[in-house]
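The structure appears below as structure tokens.
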């Protein structure tokens, strides 16, 4: 399993712009990291791949109110 220290390929949403609160995601074997683009050194949340799939699946299905 990967560690937060070796997360690679950080990506920010194409819907983000410089004036919004944005997060970016990075990937390592077995984990997905999420961090704040305005405070990249402030910490990273780490999720296993199944938890990440459940979260993104919920976003796509409208399970969360993301207004």
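Residue numbers (the UniProt record's numbering): 1 to 67. Even for Gly, the Cβ is constructed at its ideal location relative to N, Cα and C.
Alpha carbon to alpha carbon, how far is residue i from residue j?
i: residue 36; j: residue 19; result: 13 angstroms
i: residue 38; j: residue 51; result: 24 angstroms
i: residue 21; j: residue 34; result: 13 angstroms
i: residue 6; j: residue 40; result: 14 angstroms
My understanding is that residue i touches residue j, with C-beta atoms under 8 angstroms, so please give their C-beta distance in whole angstroms.
i: residue 48; j: residue 30; result: 6 angstroms
i: residue 26; j: residue 42; result: Contact doesn't hold; Cβ gap of about 14 angstroms is too wide.
i: residue 64; j: residue 57; result: Actually they are not in contact, since the Cβ atoms of residue 64 and residue 57 sit about 11 angstroms apart, beyond 8 angstroms.
Can you tell which of the options has the C-alpha that lies nearest to the C-alpha of residue i?
i: residue 28; options: 64, 44, 21, 40; result: 44
i: residue 46; options: 24, 13, 14; result: 24
For a test of the three-state rule: what should DSSP assign to residue i, helix, strand or coil?
i: residue 59; result: helix
Report the partner residues of residue i according to the DSSP bridge assignment.
i: residue 26; result: 33
i: residue 7; result: Partner(s): none; residue 7 has no beta bridge.
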